[in-house]
């Protein structure tokens, strides 16, 4: 039997740990494992290499993805999908493991519809895949961002400033939420519920100063954006020196945390188990502290929201 | 209303975040919050201070516990328990929040039996509290240990050595398990299933060399111990230079990870909610990705084991 | 005898270690030590507190400055200087220790001219004080930036991108130089010698791809700036996906490195020694692996350049 | 022209950066560069590989040494030295670059005496090479140890303990000295001046408690040793709970700091420059903030001591 593995979309720390687990557990089954480079782009161009056990030693702790990743426009077309499916058959793939986010899963879904046996593993720093309570890379990303914010807080506090720090998350605010709580931020702006209430932020800064706070920290999600503009408005209205920092790409890199290495390993092993059991067209997920799986179309149809208990908790901590 | 909060037993990163959450959420209720120093020892000696919102600012990211901690012999006696309960009444405590491990919960249980309204929050790096899938401090401890082992691996690999690294965990092997998987260790020795199979380790080292491995990594739990002795035996039998390192107390300290800060915050807020709802004699827990609670006697009677799926996964990754 | 200590200008990691050394070494002399808050602003407004040995315990490892810092417009005026000098006399200061950068030293110089016995300690992440081979904060800043760039490199490499990372340094390129060499960057843009040679960068990216490089890394100094614009130009000319990241304020914070803690401690102790020996109007400096001092006017008149050997080294490493 | 490069003795972070610099600067000269594995052992066994520019990309940030290292008994014999020199000639080496410590330099010296053109680069975490103010690996080692001690301090302080932390350094106390100052330790035990004054330590712990200190921190060098025994004696005499931690091998690993990457790079480039200028039998060194070189016999004859100013500084900070 032969299986393929690829990483697709934005890279996430822990993807290498997932590749390693798929490769080693696959080899243990006596299978051949092919690594497809650059995601679906490599599937279309045939950039494939044989994976060995030794080839994935020393990668569990490395950031990025040794298989490279890309976003493929062509796979969004019917022609591209057909060609990709044909390539899978030409390579003799009995299964294709796709490590990536929502977009990558939609690509996998279209291949599944063309008869390719796919398995998805959720790999994205955004935590925005509805069927799972965890996505590989999230823990590393929030720790990286949190540590950066801890540093910004030092200088913000020394200068008695207001700091606005923008973290990743275009449509989902999980990174902002976790960073905000873990750094003790006064305000957290989420794409899910931001109502352009600049006046509220200004009020919050003024209240903080009244109660003796030496600095203010606002965590802003990329999906809300306009951090520099917000800083200007706050400074103009409050007289408190305000500065914006956009953390950017550093949130995607770095050696994965223990949690990401372990989740990735467990999910990779589970993917191989599913294939060995003849189950494809499924997405691996973490639910109720266990590794489970869902039918891929059902998984993509699910919805996810930040729970109410998170939002009611925030004002209690601010005081 | 007046509540007290204390940390007890071995310290764990994130205890300060839990204290902060209890204090701030408690003050939000309009309550008075007292910090009891040195765990039950301070309850017996009356070392108590008023907690303010400002007093817990800047502590969310700090290791250790600002309330100090200790193990109290006296609280294990009936006389000590009676005196502690009397002190709670003298201080006018309407509830006592105990942050600690199994031993601390047994102390809390005895106070509950004497009519003191207690709430337990699981704080221990060992993850060995049966009622909960998470205990505050575990994530920081495993990341600290993992990063140390990553470093040891560099030098072990440069010298083509066999390294045995001993991590904390007297009766529970969770830290060893997580560290072993996340560092790609060849062998993991757990107190739960170690059968003194030194011959198996020797075999494993020899097999690794045959398959071209440049170094061997064995993670050993404190409860198994004898790391230096194991290193000697392996070196004698295989001729491979072998070295033991005992990580020790550094695993207890350090700024808490994002996960620990957030879990501690959620658990602290939940404890205050329980008190506000008139519910005491309960232990806060993390189950099925949610913060819940259990009756304290029931919680202490529960059992916990490392799941079979963890153990069957290990040989797949070693190859 | 009474001495004062303040931090001024941009904050730098290690300032707290310097404050601690001045306080403890000063107290050892039997002196009274006053901490002046917010730099010269606090000298003008009289925001002063008594420093104790205990008050500076636990601060050696903390980022920022416990005395706060600010830039004071008023001290740039003759009236402000006169008032600051008068306040020094009113407080009975026998010496004033100023921890800061070039601008702060110019302020100290003007006070010296008015008869105030000042001592300067070089504290700035920019390494741009001519009289000294080291300034407190530089080592922490370059390590923080380097670690962030290492992470960006992971994702840049996974996506086979060109990354432009902008680090601090308005007129001095030391941070960019050190970050560039330590991360193996292909190009380093320094304010000291940047000639707007965008074509050279484009050529460098194309050459890198020809020789098989999977990503390109360009470190840019704040003084050169225009990082987003450069990324656009490179992408347009080469077809290589290019992204800019501005690291920003996180470079100023964080727990100081060993080097910064030790340099700050040595410099703080030296400042007290100078005062005890009746020597003021001097700046502490690090020269030839030793802590020395210079007359403050002479120190400010010195010039500093990035040595030729640094620049000739760069092309050798790029290959 | 052909040159060889090897790493020998204990590994040190930054050795890879030095290898990379030697390889790239050598290739820039148009030379062939051979990597000799396992130090002198590989020179004797002929374990040699061709080095390429691509082969050293991505290694600047990696701990350990990609060329492996070992201690060779055989090279200490006249026969071994003759055979090693013969092998150098057989390989056609026009120069041999040896990256290592004092012992490795003595080996290089014996080869130089047999007519082999050698260049030494100081690579050891111990800083104990007399001719140079810096040795590659020291900065990473002290930062790693310091960060571990900062964590131990958290838990030590929470339990109000006395902690004895043993760091590397058999005959030289530089690591202990730097770690002790940077963590604010109350006492530092150096092999250079330790007089078995346990009574002094006990006195120091008691004094600390009297003045209100919540914990005591003693940094001990490997060359002094007996940390567990010291902890027992202190606990017995003072009643203060005392714990020993031996940091061990983790001090040798980890991604090198900025300083180590840069020093290693500068030294590697300098080594190639020397060879290009026909100068061999020399050791690269860092003196007076510059990269210089010394004749190898002279270098080995030099002596080095911890300066008096370091020792007189310690009591001032303790107060």
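Protein chains in written order, with the numbering used here: chain C, 943 to 1261; chain X, 943 to 1261; chain E, 943 to 1261; chain L, 943 to 1261.
In this text, a Cβ means the ideal position worked out from N, Cα and C, and glycines have one as well.
All values reported here derive from a predicted model rather than from experimental measurement.
- Pairing residue 1202(X) with residue 956(X) gives a Cβ-Cβ distance under 8 Å.
- Three or more beta-carbon pairs drawn from the stretch 1065 to 1074 of chain X and the stretch 1103 to 1122 of chain X are found closer than 8 Å, and the two stretches are therefore classed as touching.
- Contact residues of the stretch 1066 to 1079 of chain C toward chain E are absent (C-beta to C-beta distance below 7 Å).
- Under the Cβ criterion of 8 Å, residue 1139(L) is not counted among the residues facing chain X.
- Taking the Cα of residue 1241(X) as reference, the smallest distance to any Cα among 1250(X), 1249(X), 1251(X) and 1229(X) is reached at 1229(X).
- For residue 1064(X), DSSP records a beta bridge to 1042(X).
- Put simply, the CB of residue 1253(X) is far from chain C, with every gap to its CB atoms at 8 Å or more.
- By the neighbour-count criterion, in which a residue is buried when 16 or more other Cβ atoms sit within 10 angstroms of its Cβ, residue 1257(L) is exposed.
- Residue contact with chain X for residue 1211(C): present (Cβ-Cβ distance below 8 Å to some residue of chain X).
- The straight-line gap separating the alpha-carbon atoms of residue 1147(C) and residue 1169(C) is approximately 15 Å.
- For residue 1228(C), no alpha helix (DSSP H) segment is defined; the enclosing uninterrupted segment is the beta strand (DSSP E) at 1224 to 1229.
- At a beta-carbon threshold of 8 Å, none of the residues of chain E lie near residue 1228(C); the nearest stands roughly 23 Å away.
- Relative to residue 1179(E), the option among 1158(E), 973(E), 1144(E) and 1164(E) whose CA is nearest is 1144(E).
- At least one beta carbon of chain E lies nearer than 8 Å to the beta carbon of residue 1187(C).
- Separation of residue 993(C) and residue 962(C) (C-alpha to C-alpha, rounded to the nearest whole angstrom) is 9 Å.
- For residue 1125(C), the secondary structure class from DSSP, reduced to helix, strand or coil, is coil.
- Within the same chain, 946 and 990 come within 6 Å of residue 976(C) by CB-CB distance, once the 5 residues on both sides are set aside.
- Taking residue 1034(L) as the centre and dropping the five residues before and after it, the same chain places the C-beta of 944 closer than 6 Å to its C-beta, in chain order.
- With fewer than 16 neighbouring CB atoms inside 10 Å of its own CB, residue 1137(X) falls in the exposed class.
- Here residue 1085(E) is buried, its C-beta having at least 16 other C-beta atoms within 10 Å.
- Listed along the chain, the chain X residues whose CB falls inside 9 Å of the CB of residue 1085(C) are 1085, 1199, 1200 and 1201.
- A Cβ-Cβ separation of about 6 Å places residue 1007(L) in contact with residue 958(L) under the 8 Å criterion.
- Scanning 1103(L), 1149(L), 1130(L) and 1141(L) for the CA closest to the CA of residue 1156(L) turns up 1103(L).
- The C-beta distance from residue 1060(C) to residue 949(C) rounds to 14 Å, too long to fall under 8 Å, and the pair is not in contact.
- The count of Cβ pairs closer than 8 Å, one atom from the stretch 962 to 972 of chain X and one from the stretch 1205 to 1214 of chain X, reaches three, so the stretches are in contact.
- Residues of the stretch 1114 to 1137 of chain E whose Cβ lies closer than 7 Å to any Cβ of chain L, in chain order: 1120, 1123, 1124 and 1126.
- Counting every other CB atom within 10 Å of its CB across the protein chains shown gives residue 1249(E) a total below 16, marking it as exposed.
- Exclusion of the five residues before and after residue 1077(C) leaves 1064, 1066, 1069 and 1071 as the residues of its chain whose Cβ lies within less than 6 Å of its Cβ.
- Listed in chain order, the non-local C-beta contacts of residue 1045(L) below 6 Å within the same chain comprise 951, local neighbours out to five positions each way being set aside.
- Taken in chain order, the complete beta strand (DSSP E) segments of 3 or more residues contained in the stretch 1179 to 1225 of chain E are 1184 to 1188.
- Spatial neighbours of residue 1002(X) in its own chain (CB-CB distance under 7 Å, excluding positions within 5 residues in sequence) are listed in chain order as 958, 959, 962 and 1203.
- Relative to residue 1149(C), the option among 1030(C), 1182(C), 1188(C) and 1208(C) whose CA is nearest is 1182(C).
- Cβ neighbours of residue 1186(E) within its own chain (closer than 6 Å, five residues either side excluded): 1106, 1169, 1170 and 1173.
- When CB distances to chain C are screened at a threshold of 8 Å, the residues of the stretch 1006 to 1032 of chain E falling below it are 1006, 1007, 1010, 1011 and 1012, in chain order.
- Proximity of residue 1003(X) to chain C, defined by a Cβ-Cβ separation below 8 Å, is satisfied.
- With contacts defined by Cβ atoms closer than 8 Å, residue 997(E) and residue 1029(E) do not form a contacting pair.
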